[in-house]
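Residue numbering for the sequence shown follows my numbering, starting at -1 and increasing by one per position.
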Amino acid sequence: MDVTRSSSTCDGFFIISLLVIVSLLFGTSSAQLNATFYSATCPNASAIVRSTIQQALQSDARIGASLIRLHFHDCFVNGCDGSLLLDDTGSIQSEKNAAPNANSTRGFNVVDNIKTALENACPGIVSCSDVLALASEASVSLAGGPSWSVLLGRRDGLNANLSGANSSLPSPFEGLNNITSKFVAVGLNTTDVVALSGAHTFGRGQCVTFNNRLFNFNGTGNPDPTLNSTLLSTLQQLCPQNGSGSGITNLDLTTPDAFDSSYFTNLQSNNGLLQSDQELFSNTGSTTVAMVNSFASNQTLFFEAFIQSMIKMGNISPLTGANGEIRQDCKVVNAQSSATEAEHIQLQSDGGSLSVAVADM
């Protein structure tokens, strides 16, 4: 008997077995997000997303901010799985109806346009959750902000989480401690709170998101004392005490459609629109104050931090490998999409009199 050969064979078997166990426990490299995920299957994915957003910007200057907000609100609930994009069905309660999203989140039509363009170019390849990640980067860079290599390979979830959206999303009315806790719950930290809040350097806010500061802040009968008096007067005219709350104004007073560090210099002058914004600077003793000052004085530092925080946020519990699916239509899971299409075809073959009603539901 060749003892040496037998020992070598046993060692080799042990190593192979160990590799199989490690692979099962931690997954293979193909199940990890990476920047070249679509390089062979849909090499123009990023360009298609960017082009579609450029077209949308021609008629809607705030669409970039709206798209990055969709990515943010998606990742904080169920992870970055496109769950926010799902409509109500008999079995799904849409996150779109949650308090932080209802009559607030927008840009779903642009997401649909992006998905249609991608399906035409490379059907069944790019997930809706990756569309949100790509759209966020394109929106920021098109507004003069930084570019980065977006990590890709997410798959789409099969369900939504309405209760999670109601409880997990940070609110503009919350204090800094509560907001930080919600970030920590998904693996983010205080630096991420400040950096990602910097996305409010473009876009708009509705009166309903800040009118708590204008007349009776925290039940005091007075406005928020951290709100600049000149800005207060302007906002009180825009959003009267008994108004509808539907008026909108710029989140960044200085450069409302540009992605830059003006958001942070605004905070230094008490010109943050939302309570959650201004608390980053006005919460005396908080570590966020020094961060605001650093980002205000060094835009490059802000951009670098923002990129890192966006990458971290985009990596919150993604579905990869064989989990989830690649939705054909971002609004519905594939099984429901196929069932609706089959019903539509059947009605057409039966005479077609009801097909338009079903297709428009």
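Where a beta carbon is used, it is the ideal one built from N, C-alpha and C, also for glycine.
All values reported here derive from a predicted model rather than from experimental measurement.
Touching or not, the region 173 to 192 and the region 98 to 115, by the rule of three or more beta carbon pairs under 8 Å? Counting C-beta pairs with one atom in each stretch, the region 173 to 192 and the region 98 to 115 have fewer than three that are closer than 8 Å, which means they do not touch.
Look at Asp72 and Arg152 and say whether their C-beta atoms are less than 8 Å apart. Taking the first residue of the sequence shown as 1, we reach residue 72 at position 74. Taking the first residue of the sequence shown as 1, we reach residue 152 at position 154. Going by beta carbons, Asp72 and Arg152 fall outside the 8 Å limit.
Tell me, please, which residues DSSP counts as bridged to Leu150. Translated into the one-based positions of the sequence shown, residue 150 becomes position 152. Per DSSP, Asn32.
Range of the contiguous beta strand (DSSP E) that encloses Thr247: Taking the first residue of the sequence shown as position 1, residue 247 is located at position 249. DSSP places Thr247 in the uninterrupted beta strand (DSSP E) bounded by 246 to 248.
Local Cβ density within 10 Å of Val182, reported as buried at 16 or more and exposed below that: Reading the sequence shown from its first residue, position 184 is the one you call residue 182. Looking at its Cβ environment, which holds fewer than 16 other Cβ atoms inside 10 Å, Val182 is exposed.
Could you name the residues that DSSP lists as bridge partners for Glu323? For this step, residue 323 is matched to residue 325 along the sequence shown. When DSSP reads this structure, Glu323 sits in a beta bridge with Asp154.
Between which two residues does the beta strand (DSSP E) harbouring Gln204 extend? On the sequence shown, position 206 is the one that residue 204 refers to. Where Gln204 is concerned, the enclosing beta strand (DSSP E) starts and stops at 202 to 204.
Can a CB atom of chain C be found closer than 8 Å to the CB of Ala163? Among the protein chains of the structure shown there is no chain C, as only one such chain exists.
May I ask you to report which of helix, strand or coil DSSP gives Val330? Position 332 of the sequence shown, counted from the first residue, corresponds to residue 330. Residue state, collapsed to three classes: strand.
Just checking, does the region 158 to 167 make contact with the region 220 to 233 on the three C-beta pairs under 8 Å criterion? No, the region 158 to 167 does not touch the region 220 to 233.
Look at the Cβ atom of Gly319, then the Cβ atom of Leu249, and state whether they are nearer than 8 Å. Numbered from 1 along the sequence shown, position 321 holds the residue referred to as residue 319. Numbered from 1 along the sequence shown, position 251 holds the residue referred to as residue 249. Result no, Cβ atoms of Gly319 and Leu249 do not sit closer than 8 Å.
Could you please give the first and the last residue of the uninterrupted alpha helix (DSSP H) stretch that includes His71? The residue labelled residue 71 in the question sits at position 73 within the sequence shown. Segment 61 to 73, the alpha helix (DSSP H) holding His71.
Whole-Å CB distance - Gly196 paired with Phe300, under 8 Å assumed: For the purposes of this step, residue 196 is taken as the residue at position 198 of the sequence shown. For the purposes of this step, residue 300 is taken as the residue at position 302 of the sequence shown. About 6 Å separates the beta carbon of Gly196 from that of Phe300, a gap short enough to meet the 8 Å contact definition.
Return the CA-CA distance between Ser244 and Gln30, expressed in angstroms with no decimal places. Position 246 of the sequence shown, counted from the first residue, corresponds to residue 244. Position 32 of the sequence shown, counted from the first residue, corresponds to residue 30. Using only the alpha carbons, I get a separation of about 42 Å.
Neighbour-count burial assignment, Thr34, 16 or more Cβ in a 10 Å radius: Working through the sequence shown from its first residue, we reach residue 34 at position 36. If you draw a 10 Å sphere on the C-beta of Thr34, you find fewer than 16 other C-beta atoms in it, and that means exposed.
Arg67 versus Leu82, Ala119, Ser57, residue with shortest Cα-Cα distance: Position 69 of the sequence shown, counting from 1, holds the residue named residue 67. Relative to Arg67, the option among Leu82, Ala119, Ser57 whose CA is nearest is Leu82.
Limits of the alpha helix (DSSP H) - the one that Asn176 falls within: Residue 176 sits at position 178 when you count from the first residue of the sequence shown. Residues 174 to 183.
Candidates Asn32, Val148, Thr103, Asn42, of which the one nearest Arg60 by Cα: As a first step, residue 60 is located in the sequence shown; it is residue number 62 there, counting from the start. Ranked by Cα distance from Arg60, the first of Asn32, Val148, Thr103, Asn42 is Thr103.
Short of 7 Å in beta carbon distance, which residues of its chain neighbour Gln91, apart from the five on each side in sequence? Order them along the chain. Indexing the sequence shown from 1 puts residue 91 at position 93. Cβ within range, chain order: Ala158, Leu160.
Return the CA-CA distance between Asp255 and Trp146, expressed in angstroms with no decimal places. Here residue 255 refers to the residue found at position 257 when the sequence shown is read from its first residue. Here residue 146 refers to the residue found at position 148 when the sequence shown is read from its first residue. Answer to the nearest angstrom: the Cα atoms are 20 Å apart.
Could you pull the start and end residues of the alpha helix (DSSP H) that Gly162 belongs to? For the purposes of this step, residue 162 is taken as the residue at position 164 of the sequence shown. Annotation for Gly162: the continuous alpha helix (DSSP H) segment containing it runs 160 to 166.
Can you tell which of Ala119, Ser169, Leu194, Gln56 has the C-alpha that lies nearest to the C-alpha of Lys310? Position 312 of the sequence shown, counting from 1, holds the residue named residue 310. The residue among Ala119, Ser169, Leu194, Gln56 with its C-alpha nearest the C-alpha of Lys310 is Leu194.
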